[in-house]
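Peer 1: In our numbering, the protein residues as written are 72 to 347. Every residue gets a Cβ at the ideal spot worked out from N, C-alpha and C, and that includes glycine.
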Ligand code: OGA
Ligand code: MN
């Protein structure tokens, strides 16, 4: 069956004309998976999923994550300590461009969010297409970056937003050892994307000044408006992103606003390290 798909910009973001019943029926799974890879972010309006419905829909696309930071497969994205005791520090890193879980070899395939409480101002979520950013680089630079490896640390993202962290906080953020990843992710599909974001702390083999300059140049390049879609939340929305081919961040908002989104995360299916 053909889908009504409205592209929000040439390189990223599409609104998909499917309602809640069609999503729950699981009849468009293959098309949704394909569109997700192609467009980076898919937006569905007026879906109004409960937590259970969002999980049921996610399960039509693949396995979902659970664990100590989840409640029954639901992760609460909020600075409100009543709903997420760790959020106030850990989630500050979400204000910076990032890819989720660069501390492991098989990061989540993607995630979906639905809003429960909106902030009156700010709080939009922005997504940047890292396939497009790579593909548009000059050929000589592409070749150069393919040989580079980058160290990722969660601490690098969080510490940009938490002033004067305590020894205890630093120790907790450092409990995940740093991880070296290729700067260019060779996907099983044959496509390539840049693997960067605020967790990228240093380029292996470069001195600090060179490394900082290169990371800054590539982040500036990747944030160019043509690669970015900004989602302005409405109640009832469902947004899914491809965590392997996009970076995302939240636009600053009042941390006391109670803004809360519920997230379901799809298990990763491909390793960053798989293709040399
Ligand atoms: C996330 C995230 C951004 C937002 O859930 O992984 O980065 O808009 N969320 O809250
Ligand atoms: Mn995130």
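(1) State buried or exposed for residue 332, treating a residue as buried only when at least 16 other CB atoms are found within 10 Å of its CB.
(2) According to DSSP, is residue 328 part of a helix, a strand, or is it coil?
(3) Residue 203 by DSSP, collapsed to three states: which one?
(4) Using DSSP bridges, identify the partner residues of residue 308.
(5) What did DSSP end up calling residue 215 once you bin it into helix, strand or coil?
(6) Relative to the C-alpha of residue 310, which residue among 96, 74, 73, 119 is closest?
(7) According to DSSP, what are the bridge partners of residue 250?
(8) According to DSSP, what are the bridge partners of residue 158?
(9) Just tell me which of 203, 174, 156 has its CA closest to the CA of residue 263.
(10) Just to confirm, is the Cβ distance from residue 349 to residue 220 under 8 Å?
(11) Going by other Cβ atoms of all chains shown within 10 Å of its Cβ, with 16 needed for buried, is residue 261 buried or exposed?
Peer 2: On the basis of the data shown:
(1) buried
(2) coil
(3) helix
(4) DSSP, once it has assigned bridges, lists no residue as partnering residue 308.
(5) helix
(6) 119
(7) 223
(8) None, per the DSSP bridge assignment.
(9) 203
(10) Residue 349 lies beyond the range of the chain shown here (72 to 347); nothing can be said about it.
(11) exposed
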